[in-house]
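Residue numbers (our numbering): 849 to 943.
Just so you know, even glycine gets a beta-carbon here, dropped at the ideal spot from N, CA and C.
Working notes for the structure below.
Take a look at the structure:
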């Protein structure tokens, strides 16, 4: 029997990608990216590097992503890719 975490991983989209459509304040608005709130993603920069962000909500049919760093090099049309859809922290006596 699969654990609950393993079951969730099987139903969430793999290889999910969206496109930066606009910016509102410090957030990035992404189209075609139905990732759940709390998902981590990589926002592609013009130089090929990426910026990590987190899905924080939705606005109409688009996804709102809060980047974890400076938005330099992020432009309209850049790709956003799902990195991890279920944030997790391991716990136990070994920590």
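- Distance, Cα to Cα, residue 897 vs residue 904? Indexing the chain shown from 1 puts residue 897 at position 49. Indexing the chain shown from 1 puts residue 904 at position 56. Taking the straight line from one Cα to the other gives about 22 Å.
- Item | residue 883 - partner residues in DSSP beta bridges | Locating residue 883 in the chain shown gives position 35, counting from the first residue. DSSP lists no partner for residue 883.
- Message: Less than 8 Å between the C-beta atoms of residue 913 and residue 875, yes or no?
- Response: Reading the chain shown from its first residue, position 65 is the one you call residue 913. Reading the chain shown from its first residue, position 27 is the one you call residue 875. A contact, by the Cβ cut-off of 8 Å.
- Item | Simplified DSSP state of residue 915, which is helix, strand or coil | Residue 915 sits at position 67 when you count from the first residue of the chain shown. In this structure, residue 915 counts as strand in the three-state DSSP scheme.
- Cutoff 7 Å; reference residue 866; Cβ partners in own chain excluding five residues on either side: Here residue 866 corresponds to residue number 18 of the chain shown, with the count starting at 1. Cβ neighbours of residue 866 beyond the five flanking positions: 878, 879, 880, 881, 911 and 928.
- Query: In three-state terms, what does DSSP make of residue 908?
  - Reply: Numbered from its first residue, the chain shown carries residue 908 at position 60. Coil.
- Query: Does the beta-carbon of residue 870 have 16 or more other beta-carbons within 10 angstroms, so that it is buried, or is it exposed?
  - Reply: Position 22 of the chain shown, counted from the first residue, corresponds to residue 870. Exposed, because fewer than 16 other Cβ atoms sit within 10 Å of the Cβ of residue 870.
- Query: In the structure shown, what three-state DSSP assignment does residue 892 receive?
  - Reply: Mapped onto the chain shown, residue 892 falls at position 44. Three-state result, residue 892: strand.
- Message: Is the separation between the beta-carbon of residue 908 and that of residue 888 shorter than 8 Å?
- Response: Within the chain shown, the letter at position 60 stands for residue 908. Within the chain shown, the letter at position 40 stands for residue 888. No. Outside cutoff.
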